[in-house]
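Trainee:
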Amino acid sequence: MAKTKKTKTHFVCQSCGFDTPRWQGKCPACNTWNSFVEEKYIENSKRNSSGIAKDYKQPVTLTQINTDNMPRIKTVSGELNRVLGGGIVSGSVVLIGGDPGIGKSTLVLQEAGGLCTEQLKILYVTGEESVSQIKMRADRLGISAGNLYILAETELEAVMETIQRLKPRMVVVDSIQTMSSLKLESAPGSISQVRECALQFIQLAKNDNIPVLLIGHVTKEGYLAGPKVLEHMVDTLLLFEGDRDHFYRILRAVKNRFGSTREVGVFEMVNKGLLDVADPSAIFLSERKMGTSGSTVVCCMEGTRPILVEIQALVAPANYGMPQRTTTGVDYKRIAILLAVLEKRLGYRLKNMDVFVNAVGGIRIDETAADLGALACIASSISNKIIESQALLLGEVGLGGELRSISHIEARLTEAEKMGFTRAVIPASNKKSISKKFKLDIMAVQTAQQALDSVLI
């Protein structure tokens, strides 16, 4: 008589992944209310009854560990290679997230096809498309690799069996939310399924020294779907940013155990896939319109790379009650501070004005070095004066209206000079740290008012 499978019920928090044998109204780990969902595990009937102890791994000293067998695999894309910190580390798990249609599957398929050689066998596991659909995309991208194996499967155990039989050098999973394990009764995409499947792929990567690329979905709010613990489990988390209706995409490292999290990669979406953008400053300034108020250029540091970005501002009378404060690509709270400085220190009247600030090109500015540029744009728009077109504005604005020093000043000025700018307005405290000679006319000022007086025409 066949034995029936026993199930074990427990409850898992949808926010943090905390589990408990009993339902609770409030999660004790993340303090979220009504976040527990019921999950059922299928207990394994084949238990070890021999009493023999399992052969556990033994600890080793730090000097005994050899890292020579963990080389980096150089990617085909130079931008992806930059974001990863020099390539894909053997045994690492990389999670790539982004909005639907942003280019996640295109990027990993391009890399899988480009990296395939006689010595590098790659398995591409797809849970969302058929093998014929993958073939159609590969033909459009011009990919024809004999050592790239495609597996259309959603069952975790079947995927693991294929990996053990095929023994690939790299595994791509598109996507982790479609995978499901027979150990769990819950549907694919649930918290328990995503966590269990991700854990199995992580153990595979660490035990067999195989790099694994996982594609993950994002929610409407822009967060990675699934348990938050998924982001902590992987080695590297990359997020695609940008509007899928536009050509340019930005790949940002949110987490990277093997490199910097300040690096970004810029790509252009064309008919034949994603192309590297080697000079993002030229791209972001290509459609800049001269002679318009409320527009200037700042320089942002993304890791070791300086990027020139245009900032636009529009100030108009508020006709309906409370004035609007809208920002795109710029920190809303930072703009609120700059508006207060303009009101209190510089004498501009903005309390009855709608203010809209935009960083052109889809890039996100999250450093204070762009304060002076954003403040000048707002002042230019409300006074209807034009900012000098060939001037670069750099500096952090303090609450007293003073300019404070910024980092990497020479790298920013070098990029501005390369792009044809003739003048730069910087904080006076940064002047002494410049040792290199520039053709730029560098003007060092102490206050935001002095900067405005020098650039507003």
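Position 152, counted from 1, in the sequence shown is what my numbering calls 152; the numbers after and before it change by one each time, with no gaps. Glycine included, each C-beta is placed from N, C-alpha and C at the ideal position.
Could you check how far apart the C-beta atoms of K121 and P71 are, in whole angstroms? I think they sit under 8 Å.
Mentor: Contact doesn't hold; Cβ gap of about 16 Å is too wide.
Trainee: Applying the 10 Å Cβ sphere with the 16-neighbour rule, what's the burial state of A232?
Mentor: It is worth fixing the name first, because residue 232 is His in this sequence and not Ala. H232 should be labelled exposed.
Trainee: Between which residues of its own chain and V218 is the CB-CB distance below 7 Å, once the five residues before and five after are set aside?
Mentor: G97, G98, D99, L224 and A225.
Trainee: Using C-beta distances below 8 Å, list every residue in its chain close to T292, excluding the 5 sequence neighbours before and after it, in chain order.
Mentor: The answer, listed in chain order, is I386.
Trainee: DSSP on C299, reduced to helix/strand/coil?
Mentor: It is a strand residue.
Trainee: Output yes or no for whether 8 Å exceeds the beta carbon distance between L251 and F284.
Mentor: The answer is no: Cβ separation not under 8 Å.
Trainee: Out of curiosity, what's the CA-to-CA distance linking V355 and I378?
Mentor: Approximately 8 Å between the Cα atoms of the pair.
Trainee: Taking Q312 as the reference, give the member of V360, S186 and V455 with the closest Cα.
Mentor: Per the Cα distances, V360.
Trainee: Do V266 and E111 have their C-beta atoms closer together than 8 Å?
Mentor: No. Outside cutoff.
Trainee: Classify Y320 as helix, strand or coil using the three-state DSSP reduction.
Mentor: Note: Y320 maps to coil in three-state DSSP.
Trainee: Pick from E310, M443 and M136: whose alpha carbon is nearest that of T422?
Mentor: Checked all of E310, M443 and M136; the closest Cα to T422 is M443.
Trainee: Can you tell me where the beta strand (DSSP E) holding T327 begins and where it ends?
Mentor: From DSSP, the beta strand (DSSP E) with T327 extends over R325 to T328.
Trainee: Can you grab the Cα-Cα spacing for the pair V357 / L214, in whole Å?
Mentor: Distance between the alpha carbons of V357 and L214: 35 Å.
Trainee: I'd like to know whether the C-beta atoms of E367 and M301 end up nearer to each other than 8 Å.
Mentor: Yes, Cβ-Cβ distance for E367 and M301 is below 8 Å.
Trainee: Relative to the C-alpha of R140, which candidate in L456, A340 and L274 has its C-alpha closest?
Mentor: Here the closest residue by C-alpha is L274.
Trainee: If you check the beta carbons only, do V264 and G294 fall under 8 Å apart?
Mentor: No, the pair does not count as a contact, with Cβ atoms beyond the cut-off.
Trainee: Note down, in chain order, each residue of its chain lying with its Cβ closer than 7 Å to the Cβ of A464, except the 5 sequence neighbours on either side.
Mentor: Beyond the ends of the chain as shown, which are 1 and 457, falls residue 464; an answer cannot be given.
Trainee: Can you tell me whether R169 is helix, strand or coil according to DSSP?
Mentor: Three-state result, R169: coil.
Trainee: Could you tell me whether the Cβ atoms of E410 and I434 are closer together than 8 Å?
Mentor: Yes, they are a contact pair.
Trainee: What alpha helix (DSSP H) runs, 4 residues minimum, are completely inside the stretch 57-130?
Mentor: If we require 4 residues or more, the alpha helix (DSSP H) runs fully inside the stretch 57-130 come out as 78-84 and 104-115.
Trainee: Where does R334 sit, in a helix, a strand or coil, going by DSSP?
Mentor: In the structure shown, R334 sits in a helix (DSSP, three-state: H, G or I).
Trainee: Three-state secondary structure (DSSP) at S180?
Mentor: Three-state DSSP puts S180 in a strand.
Trainee: Which residue from L184, V108 and A187 puts its Cα closest to that of I150?
Mentor: Here the closest residue by C-alpha is V108.
Trainee: Quick one: what's got a C-beta closer than 7 Å to L342's C-beta in the same chain, skipping five residues either side?
Mentor: For L342, where only same-chain residues beyond five positions count, the Cβ hits under 7 Å are Y348, L350, L375, I378 and A379.
Trainee: Which residue marks the beginning of the alpha helix (DSSP H) containing G373, and which one marks its end?
Mentor: Segment D371 to S383, the alpha helix (DSSP H) holding G373.
Trainee: Use the C-beta contact count for M322: other C-beta atoms within 10 angstroms, 16 or more gives buried, fewer gives exposed.
Mentor: Burial call: exposed.
Trainee: Is T9 helix, strand or coil by DSSP?
Mentor: It is a strand residue.
Trainee: Excluding the 5 residues preceding and the 5 following F258 in the sequence, name in chain order all residues of the same chain whose CB lies nearer than 6 Å to its CB.
Mentor: Once the five neighbours on either side are set aside, the close Cβ partners of F258 are G85 and V89.
Trainee: Given that a residue counts as buried once 16 or more other Cβ atoms are within 10 Å of its Cβ, and exposed if not, what is F546?
Mentor: Residue 546 falls outside the range modelled here, since the chain spans only 1 to 457, and no answer is possible.
Trainee: CB-CB under 7 Å to R195, same chain, minus the five flanking residues each way: which ones, in chain order?
Mentor: Around R195: G17, P227, V229 and L230.
Trainee: Which word fits N81, buried or exposed, when buried means at least 16 other C-beta atoms lie within 10 angstroms of its C-beta?
Mentor: The residue is buried, with at least 16 neighbouring Cβ atoms inside 10 Å.
Trainee: So, helix, strand or coil for V504, using DSSP?
Mentor: This structure cannot settle anything about residue 504, because the visible part of the chain is limited to 1 through 457.
Trainee: Give the straight-line distance between the Cα atoms of T154 and A198, rounded to the nearest whole angstrom.
Mentor: Taking the straight line joining both Cα atoms gives about 13 Å.
Trainee: Who are the Cβ neighbours of I73 in its own chain at under 6 Å, not counting the five residues just before and after it?
Mentor: G87 and I88.
Trainee: Leaving out five residues on either side along the sequence, give the residues of the same chain with a beta carbon under 6 Å from the beta carbon of V212.
Mentor: Correct list, in chain order: V93, V171, F201 and A205.
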